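Right, dumping it as structure tokens:
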């Protein structure tokens with residue numbers, strides 16, 4: 001099984017290339033973008049895509065956010081446990097990821113999966129031309 005983390009539209013080229021290379025039956029695309037989820041579900045089928053909702057955990061700035069904050073922490077803990085139960089059996093797989101930033105939950109999952117799998121990273125945005 002090959003896992004591909006596709007969190008950005010910039011990763012479409014690499015993701016499509018890998019799906020075509022390994023075949024639909026040997027790939028799972030993980031995304032936190034609803035439109036990317038719909039796009040790959042239409043092209044390759046819903047079974048190949050795994051949507052993981054991702055929200056940032058900003059510190060509270062007012063009293064209303066302060067009251068809600070503990071519940072958001074509990075929500076994240078539950079989501080992490082549920083997600084890890086889904087992926088903890090993945091072993092000896094290739095994991096491809098392309099994101100540069102704003103993938104905190106996915107970075108946590110990559111860290112957990114890295115212990116028993118091979119990770120492959122390629123920049124989805126090359127900044128060499130800005131030097």
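Residue numbers (the numbering used here): 1 to 131.
Glycine included, C-beta positions come from ideal geometry on N, C-alpha and C.
All figures in this text were calculated on a predicted structure; none of them were measured in a lab.
Alpha-carbon spacing of residue i relative to residue j, whole angstroms
{"i": "residue 83", "j": "residue 12", "result": "23 Å"}
{"i": "residue 26", "j": "residue 16", "result": "13 Å"}
{"i": "residue 118", "j": "residue 66", "result": "40 Å"}
{"i": "residue 10", "j": "residue 34", "result": "15 Å"}
{"i": "residue 76", "j": "residue 121", "result": "26 Å"}
{"i": "residue 64", "j": "residue 58", "result": "13 Å"}
{"i": "residue 28", "j": "residue 3", "result": "5 Å"}
{"i": "residue 111", "j": "residue 19", "result": "23 Å"}
{"i": "residue 14", "j": "residue 79", "result": "28 Å"}
{"i": "residue 69", "j": "residue 7", "result": "25 Å"}
{"i": "residue 60", "j": "residue 51", "result": "27 Å"}
{"i": "residue 23", "j": "residue 71", "result": "41 Å"}
{"i": "residue 104", "j": "residue 62", "result": "23 Å"}
{"i": "residue 109", "j": "residue 92", "result": "15 Å"}
Cutoff 6 Å; reference residue i; Cβ partners in own chain excluding five residues on either side
{"i": "residue 5", "result": "30, 97 and 106"}
Exposed unless 16 or more other CB atoms sit within 10 angstroms - verdict on residue i
{"i": "residue 32", "result": "buried"}
{"i": "residue 42", "result": "exposed"}
{"i": "residue 36", "result": "buried"}
{"i": "residue 73", "result": "exposed"}
Beta-bridge partners of residue i, as assigned by DSSP
{"i": "residue 96", "result": "4 and 120"}
{"i": "residue 29", "result": "4 and 49"}
Whole-angstrom C-beta distance between residue j and residue i, which should lie under 8 Å
{"i": "residue 39", "j": "residue 48", "result": "Not quite, the Cβ-Cβ distance comes to about 11 Å (not below 8 Å), so this is no contact."}
Close beta carbons around residue i, own chain, < 8 Å, minus the five adjacent residues each side
{"i": "residue 90", "result": "1, 3, 113, 116 and 117"}
{"i": "residue 53", "result": "32 and 79"}
{"i": "residue 45", "result": "24"}
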